[in-house]
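Notes follow the structure.
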Amino acid sequence: MQYTLGSSWSKIMTQNIPPGYVRLELASGAFGHIKDTVLSALNREPTMDISPETVGTLSLIMLAQAQEVFFLKATSDKMKDAVIAKLANQAADFYGDAFKQCQYKDNLPKEVLPVLAAKHCIMQANAELHQSVLAKQKKRFGEEIARLQHAAELVKTVASRYDEYVSVKDLSDKINRALTAAKKDNDFIYHDRVPEVKDLEHIGKAALVKATVITPPISQKFTDLFEKMVPMAVQQSMSIYTQRKTETINRLVGTMREATNLCNGVLASLNLPAALEDLSGDSIPQSIAEKARSIVQLGGLQTIEQLIRDLPELLTRNREILDESLKMLDDEETTDNELRTKFNQRWNRTPSGDLYKPLRAEGANFRNILDKAVQADQVVKERYSTHCDMIALLCKPENELNAAIPSANPTKTLQGSEVVNVLRAQLAQLDEIKKERESLEGEVKAVTFDMSTTFLTALAQDGAINEEQLSLSQLDQLYGAYNQRVQTSLRMQEDLLGQVQTSHQEFSSLKQSNTETNQREEVLKKLASAHDSYVEISSNLREGTKFYNDLTEILLKFQNKCSDIVFARKTERDELLKELQQSIAREPSAPSFNVPAYQSTPAAPAAGPTPAPRTVFQPPQQAQQQPQAKPQPPARPPPPTVTPQAASTMPANAPATGPPSSNPPPVAPPTQAQGPPYPTYQGYPGYFQMPMGYNPYAAYGQYNMPNMPYMPYQGTPGQGGYPAAPPGGQPYPGYPQQPPQHQPYYPQQ
């Protein structure tokens, strides 16, 4: 719905509105962008925090808050009540829509729903309050009361239900004061009819906010974090292409530098251009003076010596990092081999030696690079030692330098000659060629091209990447023209150097040759060569310093990689050790074997006389009447009895083994032994106390017990023998019910 903004709306929009509403509109647009654009690009179900319902609700909440900002601004500026009422009513609608959308969703915090409901009621109450003021101005006192009553009900609802989240005390007091005054005036003066709320005219709405359309990128400094994420095949191809590109650049730059050094060396050997400038024979040539000033500006000997002193420290640091990294691999591999030897087949993880092969190859490559760097450093140091004296001479003041150069006879007759002019022109051309090479070197290094698009296209079309063909083709396109320019420069230099040598021979033939002149030329040659060597040595040392610093960063990454994999292997080793220890603990401590019979629990013995230290006897009569059962521990031990087996095995005419006695003859022990290995202490089932004077071995007789002397049984004086079994139904002797005349004595333990 479109609204025509009058002067009031224009005033609101042009005033200094707090910047919060702009951010809220942008936030609403961002949530809408996620809902309409981002979610459609997902190939899976979105998570709860970015589901369409969640982001749609959040977008409406942002708009409602932005609209509330306008309401608060209009209220603080005391604008017209009609304007404020429409702003509040629109904010109430926004809050209501957000409340409806998230009413049945659990994807937002529980505080959101009551706050939205409270905000909806508060904004609606504010709209009714300001609309009641407008009704009062129009003399509609009944409508004023009806709107205030409705506002009071809304505020009362908020206070009763959502007082935990928002406070409406000030708004409630304001509405109640206005309602009391309106009722009083209407009751005493106007007597206007109060209409129903449903019959009231609807309050207008004014939406001054809308979601800002998002046009990526939002910020000028935006950088796509996933821009460089490519498939592994493309990443590997890019790595090889980068290496090929670096080799091409180094080859071109190295060729140009070698050509320049060759040119400088040839000119220094010919003492050019110093020979052309030293026609007077007693002053410093201009070229030598400029070279001396150049060396002083570059720092002279101190700079070179400081760079040379820094190299060993940088080299040592890199060696230590590399050695420490490889030592971590060695230590972990040694531990792994020891445990593999100890546990044999149980140590079933990948050997560390196989796992570390790529890292060791990388470490060997780094060590080879360091060894080559050491050799290059030594070459630079030797070259510096060769030219150190001449470089020190160039660093001296001009008068000392002039005094150190031998003087010669003047050759002013050659000034203005054609040979001198030709040589100067040729030297000027060589200088131009060297300047062009410096510019060309910068252009070669500045060439950039992103091959990822080419590799991605090839992978999408063919399913594979022919890296060599694509890389060589692209490098030829990029550096083909530069290669031709380098070759042209080399040919031009070669031709000019030939011409310079020819002209120099003619120039030398015109000069007067003597010892002083030769000495002067020799010194000037050494000074020129020292300057060129200084520039080259200084450049090499700075490149070496940069090389060592860059290599340090690479080695630190290599060290972190080694540390990470060693830590992972240690964690895996600890877990495997724990599993092996638990497995070993569950295994039996010895192999299974048969236990000897005498150590095992004995089974029930066969029937027959078996000696035992303690036995239980039953009277023959009871044994015939009742079947033999497993004895139970009584309150007191029973008297000895005779088993049927023993009675049947005794012959009728067996001779007496002792003097006559009133006790029954000895009998065989019971069929079940009651002695060890069963417990024999009192209270254990199966324990029976032996009567005093009982000999369990008497049943064996004199001839059945070897090495046993005959000992006739003798009763204790004053004590009768064991009584026979009582008749049925009577208790055994020894029980307290009917003690017999001669009661046997049982010792109590």
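One point on numbering: in UniProt numbering, the residue at position 308 of the sequence shown is 308, and numbering is uninterrupted.
Idealized CB from N, CA, C, for every residue including glycine.
In the three-state DSSP reduction, Met-62 falls in the helix class (H, G or I).
Remark: C-beta atoms of Asn-89 and Ala-64 do not approach each other more closely than 8 angstroms. For Ala-404, the uninterrupted alpha helix (DSSP H) segment begins and ends at 398-404. Of the other Cβ atoms in all chains shown, fewer than 16 fall within 10 Å of the Cβ of Gly-254; this residue is therefore exposed.
Proximity of the segment 237-257 to the segment 421-432 falls short of the contact definition, fewer than three beta-carbon pairs being nearer than 8 angstroms. Residues Leu-315 of the same chain have their beta carbon placed closer than 8 angstroms to that of Val-374, with the five preceding and five following residues left out of the count.
Burial is judged here by how many other beta carbons sit within 10 angstroms of a residue's own beta carbon; Glu-398 has fewer than 16 and is exposed.
About 49 angstroms separates the beta carbons of Ala-528 and Lys-228, which is beyond the 8 angstroms limit, so they are not a contact pair. Counted as a single uninterrupted DSSP element, the alpha helix (DSSP H) harbouring Ile-391 occupies residues 357-394. Secondary structure at Lys-110: coil, using DSSP grouped into helix, strand and coil.
Remark: fewer than three beta-carbon pairs, one from each stretch, lie closer than 8 angstroms, so the segment 204-213 and the segment 157-176 are not flagged as touching.
Relative to Asn-264, the option among Asp-532, Phe-99, Ser-538 whose CA is nearest is Asp-532. Looking at Leu-359, Arg-346, Glu-53, the one whose alpha-carbon comes closest to that of Asp-323 is Leu-359. By the C-beta density criterion, Met-123 is buried, having at least 16 other C-beta atoms within 10 angstroms.
Burial check for Arg-586: the Cβ neighbour count within 10 Å stays below 16, so the residue is exposed. When the five nearest sequence neighbours on each side are left out, the beta carbons in the same chain lying within less than 6 angstroms of the beta carbon of Tyr-190 are those of Phe-141, in order along the chain.
For Glu-111, the CB contacts under 7 angstroms within the same chain, skipping 5 residues up- and downstream, are Tyr-165 in chain order. Going by DSSP, Phe-343 is part of the alpha helix (DSSP H) stretching over 300-343. The beta carbon of Lys-35 lies closer than 8 angstroms to those of Pro-52, Val-55, Gly-56, Ser-59 in the same chain, with the five residues before and after it left out. Annotation: Asp-49 to Gly-96 spans about 21 angstroms, alpha carbon to alpha carbon. For the set Lys-139, Arg-485, Pro-406, Ile-203, the Cα lying nearest the Cα of Glu-443 is the one of Arg-485. Going by beta carbons, Leu-496 and Gln-429 fall inside the 8 angstroms limit.
Rounded to whole angstroms, the separation of the alpha carbons of Asp-81 and His-130 is 5 angstroms. Rounded to the nearest angstrom, the gap between the Cα atoms of His-120 and Ala-91 is 8 angstroms.
Of the candidates Ile-584, Lys-396, Ala-481, Lys-396 places its Cα closest to the Cα of Leu-301.
The straight-line gap separating the alpha-carbon atoms of Ala-181 and Glu-196 is approximately 19 angstroms. When the five nearest sequence neighbours on each side are left out, the beta carbons in the same chain lying within less than 8 angstroms of the beta carbon of Leu-556 are those of Ile-321, in order along the chain. A distance below 8 angstroms separates the beta carbons of Leu-326 and Gly-363. For the pair Tyr-479 and Thr-248, the CB atoms are nearer than the 8 angstroms cut-off. A residue is called buried when at least 16 other Cβ atoms come within 10 angstroms of its Cβ; Ala-85 meets this threshold and is buried. In this structure the segment 340-358 does not lie against the segment 535-553, because fewer than three pairs of beta carbons, one per stretch, are closer than 8 angstroms.
Excluding its 5 nearest sequence neighbours in each direction, Ala-125 has C-beta neighbours in its own chain below 6 angstroms: Ala-151, Leu-154, Val-155, listed in chain order. Looking at Ser-28, Thr-552, Glu-25, the one whose alpha-carbon comes closest to that of Ile-369 is Thr-552.
Taking a contact as a CB-CB distance under 8 angstroms, the pair Val-194 and Ala-135 does not count as one, their CB atoms being some 11 angstroms apart. One Cα belongs to Thr-223, the other to Leu-475, and the distance between them is close to 28 angstroms.
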